[in-house]
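Residue numbers (this note's numbering), protein chains in the order written: chain A, 535 to 813; chain B, 535 to 813.
Here you go:
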């Protein structure tokens, strides 16, 4: 038996299509602004891939490039201008930026335009169960569950990893869907014992091959978020032979990754409709 | 065998004493302001018990009583004044208040003076692992663990209940102490199976006698936060004969309750030292 492949690439195309239909029906064109500092090629290519998706979804995007070595003051002034610009629905500052504290930037973005979902106000609203913008990776995992109709209510979900970007917001989302949620991490005493309980298992650690077949409940859905470069190859947290035990498994690459980028677009649509009072 | 009683009353006296020592060593007197609206006797008595503890800790407290039927505008104006009053370290608005949305009030209090820890900014900071003020009940449970030297790092903790006041912030605190944390709730499929894994079990549901001996791991520490009035008697979520299985058990009353009130004082001290830049 081999697990059903949770094809994030195909699902992301379907999700993008439905987002484009919703955008087309709006009485306005949502606008997303990318902010970059300096000419890091990786950062440039990452922004380009998001620009392309925004265009496909019918969203207007603009990229603002500050010169290398720009001061914190310059950057904050730009963000402040975007915060009050009524045409701007989403702001995405490409991190990290050398010499400027990440936290200062995250807190400078208006929570209503924070499509990365990392402002403390959005984190708080997520856990309180209030409307919020949520980081893209956990949103993508939920969207992938929905795409493949993987039941979450009453399911045992185990999240391995407790980062602010993935593990913790994912736990909040799964709890909101009525899963029984366990957060495991580097200090978990017997990880195999914990992971084997999971109907839905998410590995988001960055430890290549951490999850072996013995650690997986037969028939469960397994999501691989870890991503490590080993000898030039990208390796996930989940060993590939887990597919002999799991019922569903994300490929690596092509699983949770493609969904993440699309969720930035979904967040822009959400931010735009909320802020402009369109349902 | 009978479980060790986690005597919240005794522990709270010890914690209050150490708080009083720390307050006495400060170069200023911290100030806590209670705000009440109308003359509800239960609410008045609850504030009085906190006033008494504040006095014992050497904290100056003031109670502001707005007349019954005061408008939201009046209340918000008062809170705004307290927010900017440099002498005020902590603000505690006694909820609920008839005719005024709870959320509006919670969000009006300056996060740095929010000794109830319910402002979305504090919720977000708690989950991000940043300095924050945290609701008193979960703080009290952690303090009780510390008082009885119950190990949390690497322990399996199961929190039953996902309220904003107890379950969710407690999960964040336990995670911060490196416990493997599970959040269970009304939609959890097999609660006994989940609760039996717990080295540290916290029931915060409000369902009298929910936790029976069969649902408890032998030797574990069990905290009863639920509180329901049944035929005039206060009954917790944990059946009393759980003490035959558990290694530690909070009494009801006299367990988590007394710790909660003292933690409001601890929060005031924390808010005061942080805001005034005293370590």
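All C-beta atoms, glycine included, are put in the ideal place defined by N, C-alpha and C. Keep in mind it's a predicted model, so treat the numbers as computed, not measured.
Within the DSSP secondary-structure output, residue 691/B pairs in a beta bridge with 715/B and 734/B. Burial state of residue 563/A is exposed, judged by a 10 Å Cβ sphere holding fewer than 16 other Cβ atoms.
Residue environment for residue 791/B: buried (at least 16 other C-beta atoms within 10 angstroms of its C-beta). In the DSSP annotation of this structure, the continuous segment of the beta strand (DSSP E) that includes residue 625/B starts and ends at 624-627.
Between the alpha carbons of residue 550/A and residue 806/A lies a distance of about 16 angstroms. Between residue 695/B and residue 646/B, the alpha-carbon positions lie close to 27 angstroms from each other. With a threshold of 7 angstroms between beta carbons, residue 659/B makes contact with chain A. As a beta-bridge residue in DSSP terms, residue 768/A pairs with 763/A. Pairing residue 577/B with residue 586/B gives a Cβ-Cβ distance that is not under 7 angstroms. Annotated three-state conformation of residue 590/A is helix, per DSSP. The residue from 779/B, 781/B, 786/B and 719/B with its alpha-carbon nearest to that of residue 542/B is 786/B. Taking 7 angstroms as the CB threshold, residue 654/A lines the interface with chain B. In the DSSP assignment, no residue is bridged to residue 580/A.
Here the alpha carbon of residue 715/A sits roughly 24 angstroms from the alpha carbon of residue 667/B.
Listed along chain A are 654, 657 and 698, each with a C-beta nearer than 7 angstroms to that of residue 662/B. Note: residue 595/B is bridge-paired with 566/B in the DSSP secondary-structure output. Across the set 659/B, 609/B, 737/B and 565/B, the C-alpha of 609/B shows the shortest separation from the C-alpha of residue 642/B. For residue 775/B, no alpha helix (DSSP H) encloses it, and the DSSP letter there is neither H nor E. In chain order, 726 place their CB closer than 7 angstroms to the CB of residue 748/A, counting only its own chain and leaving out the 5 sequence neighbours on each side.
Taking 7 angstroms as the CB threshold, residue 717/B lines the interface with chain A. At a cut-off of 7 angstroms between C-beta atoms, residue 546/B does not count as an interface residue with respect to chain A. Per DSSP, residue 812/A lies in no beta strand (DSSP E) and is assigned neither H nor E. For residue 796/B, the three-state secondary structure derived from DSSP is helix.
With contacts defined by Cβ atoms closer than 7 angstroms, residue 776/A and residue 737/A do not form a contacting pair. The CB of residue 722/B comes closer than 8 angstroms to the CB of 688 and 714 in chain A, given here in chain order. When the beta-carbon positions are compared, residue 640/A and residue 567/A stay at least 7 angstroms from each other. DSSP lists 538/A and 755/A as the bridge partner or partners of residue 782/A.
For residue 655/A, the enclosing alpha helix (DSSP H) has its first and last residue at 654-662. Contact between residue 724/B and residue 751/B does not hold, since their C-beta atoms are separated by about 15 angstroms, which reaches or exceeds 8 angstroms.
Residue 735/B has its alpha-carbon roughly 15 angstroms from the corresponding atom of residue 741/B. Interface criterion met: the Cβ of residue 709/B is under 7 angstroms from a Cβ in chain A. Here the alpha carbon of residue 663/A sits roughly 7 angstroms from the alpha carbon of residue 710/A. When 7 angstroms is used as the limit between beta carbons, residue 728/B is near these residues of chain A: 714, in chain order.
Between residue 547/B and residue 592/B, the C-beta gap is not smaller than 7 angstroms, which leaves the two residues out of contact.
Interface flag for residue 702/A against chain B is set, since a Cβ pair is found closer than 7 angstroms. The beta carbon of residue 712/A lies closer than 8 angstroms to those of 686, 687 and 688 in the same chain, with the five residues before and after it left out.
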